[in-house]
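Taken in sequence, the protein lines are chains A and B. The numbering used here applies: residue 25 is where the first sequence begins, and numbers increase by one. The numbering used here applies: residue 25 is where the second sequence begins, and numbers increase by one. Take a look at the structure set out below.
2 protein chains.
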Amino acid sequence: MEFERIEELINEKKYVQVKEILSEMNEVDVAELLKPYNPHMTLLLFRMLPKDLAAEVFARFSTEQQMDIINSITSEELRNIVDELFFDDMIDLIEEMPANVVSKILTHTDKKERELINEFLKYPSDSAGGLTTIEYVNLKKSMTVQEAMKHIKEVGLNTETIYTCYVTDKNRILEGIVSLKDLVTSDDHIIIEDIMETDIIKVNTHLDQEEAANIFRRYGFLALPVVDNENRLTGIITVDDIMNVISQEATEDFQKMAAISPSDEEYLDVSIWKLAKNRLPWLLILMVSATFTGRIMGRYEDVLISIAILGTFIPMLMDTGGNAGSQSSTLIIRGLAIEEIKVSDGLKILFKEFGVSMIVGLILAIINFLRLLVIERVGILVAVTVSIALVVTVILSKVIGGILPIFAKKLKMDPAIMAGPLITTIVDALSLLAYFAIATAMLGL
Amino acid sequence: MEFERIEELINEKKYVQVKEILSEMNEVDVAELLKPYNPHMTLLLFRMLPKDLAAEVFARFSTEQQMDIINSITSEELRNIVDELFFDDMIDLIEEMPANVVSKILTHTDKKERELINEFLKYPSDSAGGLTTIEYVNLKKSMTVQEAMKHIKEVGLNTETIYTCYVTDKNRILEGIVSLKDLVTSDDHIIIEDIMETDIIKVNTHLDQEEAANIFRRYGFLALPVVDNENRLTGIITVDDIMNVISQEATEDFQKMAAISPSDEEYLDVSIWKLAKNRLPWLLILMVSATFTGRIMGRYEDVLISIAILGTFIPMLMDTGGNAGSQSSTLIIRGLAIEEIKVSDGLKILFKEFGVSMIVGLILAIINFLRLLVIERVGILVAVTVSIALVVTVILSKVIGGILPIFAKKLKMDPAIMAGPLITTIVDALSLLAYFAIATAMLGL
């Protein structure tokens, strides 16, 4: 990173040198460098970029910056960007822009392209179709390796990847794939049909992007063909986009599991109001649910007044239950997300969580029992009551935490909802009921 | 997936057909298909595979299966696997195997290879060096494109990727990189030096794998060069390995944030004892910490006895505080992990979280206040007390939840520790103190 040096040159208005350095830089770094400047300065620097780099940098700008640029540049400059943009970036752009800007952009496309754009705008942005690009290398099975290489040389610079090539028939049905590695290491006269892979792993346009990402990770692919319901090749997904999906899906799960409405905007870019809006609904639901736990305490007011010390163990019981349940639910939710766990593993999980909770619960209870007797010096009956309640709480929490995500998945709900916060609320109420039941039995209240 | 059909054929002992189908399958699917069989059957099927596929399938087996195979096959068969294995898979294998198996493997390597293996075994498995493979295409800057393509054709099949080629001088210093795309789309007589990229993004062998993954995601790379402290090219990291790292690092954070010692084994493969061992330490620490909260309740026993209804709002206050704090800490921990947030953003976060907590706290408090008056029908003073305590709790939780991960990062600790469970425990105690302070003041106790 030589950001500081470039900023110095900009401040000294040594634009010739700036232009030279920018044109050699990676588009990701240029976009980041230009981000903090005011619109006027960003535009000035943006105009220094070579045509292809400009389009790549433009694709990485925020929606706001893209709008500023489109509203400031000439029609000719906009045509250059539209020409150079990859198709998937173009779709992303059109999805984000207001109608008047979209029509400005579309004046620079031809009829065929507009039809294609309309078709792609129908795919949800979190589906395989939403990640698909149409700039791939298309070969025919009758070509020789030499002909294929010549074709790649001609179209290569305008495709997102040339490393996997797709063989289709005249109806666009995908017949095979051939990697550039196979082409480069094969002799010139060999026919594509003889080296192409026909056992093709492909996805439908409507597949969820998370499942597409799991296929990439499973097989280590660089690109994946996407077909429509008639098995015609729609386009391809490339691995660079999938890396973002893998991160983004994990981020979404982190948010959901912390009781936040998921958002893919960066924390620092989101306004305080929006942050509050994303967090309020679940806090509210959980706050109201937690009042049931309060009601249970209210019902046993007499118990709490007659043996007040019982109340002081409630935070410990509730926290331990919440933590034990979160541990289990987190492992299961994550396992489901990366397909290490299937819904059919439900019984195995039940068995495992019961076993784990017995071990963990007993050890915690023994330590707690000794602590109560030796350090807190409470009566033995109280110590026994709290310790039994602890074992019951841990078992309840872990079994519920392990099983609820599986149920959610079975009901086609998102398992990530069954995470810490909700599990805690459920377990709080149950463990309190158990605690008071055990206390009234043990202490004869 | 035609797993069922193959299993049928296996059961019918139609091995000729099985062999044919297996040889056409992806190595990932073959490894998965062979996994559930007994060692004898796995070996039988494994021996049907063509040499190169066998090595790829072998690399994907579990440690146990690899040991079974090594102990059952002939020395000649083992040599074939060792010859065909990619270097990074070889290192992974040697790291996992017991000494006697390792020496068996090493008899099939020459002296130079053994030296290289020893060098690579020194890199921690979660460093860039631990992901590095030495099978890359090495070019010289004086070559023409035609010469380069001829070289790639010769060595291509034995390298992990040919899509990025590395130009080094005679001391192995990295001088440039050139993509196969540039080679294929350039004319034959062009000199590599004229098309190679010299502004190279590379990493040191000792860099943490998570940071290497962030570089891949940022730039959308297919491969990344790894250099030693003398800037000599050690090898490359390829994107297929990085996809696993991205997932694995997220999984580790999920575990740490749920107070579990991280493990990269699959849930269903881990024994109940090991699961219990991973979960106990934090549960114990948090259980003991939660007793402080209990002590606070004990100290205010008189208050709780004189106005017993105050006790019934404690679960709601504690849960809301825990949830509000988890929301903030989760967003900050995740932002730090994927480098959307830097330690220097601390003040911005403080400001944001304070703003968000004011909004969220006030709305929750108002709803709660009305609920207390209308539904629970408590006295107005109690309702005011609980509502003020709620605002204070939410503000405390969110500010603490937002800031502690930043502090952890600053102190070179893992921010993921400052997640829900620990934040909840801290906030529990603080919110109770605030609650009782407000109650004694408001209610004149």
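Yeah, the Cβ is synthetic: ideal placement off N, Cα and C, and Gly gets one too.
Which of helix, strand or coil does DSSP assign to residue i?
i: Thr188 (chain B); result: strand
i: Gly425 (chain A); result: helix
i: Ile97 (chain A); result: coil
i: Ile45 (chain B); result: helix
i: Leu117 (chain A); result: helix
i: Asn62 (chain B); result: coil
i: Thr183 (chain A); result: coil
i: Asp232 (chain B); result: strand
i: Glu36 (chain A); result: coil
i: Thr131 (chain B); result: coil
i: Glu289 (chain A); result: coil
i: Asn168 (chain A); result: With the sequence shown as reference, residue 168 (chain A) is identified as Thr, and Asn is not the correct amino acid for it. The answer is strand: DSSP assigns Thr168 (chain A) an E or B state.
Distance, Cα to Cα, residue i vs residue j?
i: Pro339 (chain A); j: Val312 (chain A); result: 18 angstroms
i: Asp193 (chain A); j: Asn162 (chain A); result: 10 angstroms
i: Gly426 (chain B); j: Ala283 (chain A); result: 15 angstroms
i: Met382 (chain B); j: Glu28 (chain A); result: 38 angstroms
i: Asp92 (chain A); j: Pro63 (chain A); result: 7 angstroms
i: Arg241 (chain B); j: Ala389 (chain A); result: 46 angstroms
i: Glu137 (chain B); j: Val416 (chain A); result: 57 angstroms
i: Val42 (chain B); j: Asp53 (chain B); result: 14 angstroms
i: Thr258 (chain A); j: Asp223 (chain A); result: 18 angstroms
i: Ile404 (chain A); j: Gly322 (chain B); result: 18 angstroms
i: Leu467 (chain A); j: Leu457 (chain A); result: 15 angstroms
i: Met267 (chain B); j: Thr275 (chain A); result: 15 angstroms
i: Ser295 (chain B); j: Thr87 (chain B); result: 16 angstroms
i: Ala237 (chain B); j: Asp150 (chain B); result: 11 angstroms
i: Phe144 (chain A); j: Glu36 (chain A); result: 45 angstroms
i: Met167 (chain A); j: Leu181 (chain A); result: 20 angstroms
i: Tyr61 (chain A); j: Thr185 (chain A); result: 33 angstroms
i: Pro122 (chain A); j: Asn95 (chain A); result: 12 angstroms
i: Asp375 (chain A); j: Lys298 (chain B); result: The amino acid occupying residue 375 (chain A) in the given sequence is Phe; Asp does not appear at that position. So the two alpha carbons sit approximately 15 angstroms from each other.
i: Val202 (chain B); j: Met220 (chain B); result: 5 angstroms
i: Leu428 (chain A); j: Asn253 (chain B); result: 50 angstroms
Where does residue i land, buried or exposed, given buried means 16+ other C-beta within 10 angstroms?
i: Asp206 (chain B); result: buried
i: Glu80 (chain B); result: buried
i: Gln351 (chain A); result: buried
i: Ile419 (chain B); result: buried
i: Glu290 (chain B); result: exposed
i: Arg256 (chain B); result: exposed
i: Ala305 (chain B); result: Inspection of the sequence shows that residue 305 (chain B) is occupied by Pro rather than by Ala. So Pro305 (chain B) counts as exposed.
i: Val208 (chain A); result: buried
Using CA atoms only, rank isn't needed, just tell me which of the options is closest to residue i.
i: Glu364 (chain B); options: B:Leu457, B:Trp306, B:Met267, B:Ile239; result: B:Ile239
i: Phe460 (chain B); options: B:Gly385, B:Asp369, B:Ile329, B:Phe70; result: B:Ile329
i: Ile424 (chain A); options: A:Thr315, A:Gln90, A:Gly345; result: A:Gly345
i: Ala152 (chain B); options: B:Ser210, B:Asp288, B:Asn142, B:Gln233; result: B:Gln233
i: Met442 (chain B); options: B:Asn50, B:Arg358, B:Ser353; result: B:Ser353
i: Asn302 (chain A); options: B:Leu355, B:Thr87, B:Val179, B:Leu334; result: B:Leu355
i: Gln90 (chain B); options: B:Ser287, B:Leu77, B:Ile118, B:His230; result: B:Ile118
i: Ile105 (chain B); options: B:Glu88, B:Arg71, B:Lys135, B:Ser86; result: B:Arg71
i: Ile34 (chain A); options: A:Phe245, A:Leu58, A:Glu48, A:Glu51; result: A:Leu58
Checking contacts by CB at 9 angstroms: is residue i closer than that to chain B?
i: Lys205 (chain A); result: yes
i: Glu217 (chain A); result: no
i: Ala407 (chain A); result: no
i: Arg242 (chain A); result: yes
i: Val367 (chain A); result: no
i: Asn95 (chain A); result: no
i: Lys376 (chain A); result: yes
i: Tyr291 (chain A); result: yes
Could you check whether the Cβ of residue i sits closer than 9 angstroms to any Cβ belonging to chain A?
i: Thr315 (chain B); result: yes
i: Tyr190 (chain B); result: no
i: Lys177 (chain B); result: yes
i: Val42 (chain B); result: no
i: Tyr39 (chain B); result: no
i: Gly403 (chain B); result: no
i: Val263 (chain B); result: yes
i: Pro439 (chain B); result: no
i: Gln233 (chain B); result: no
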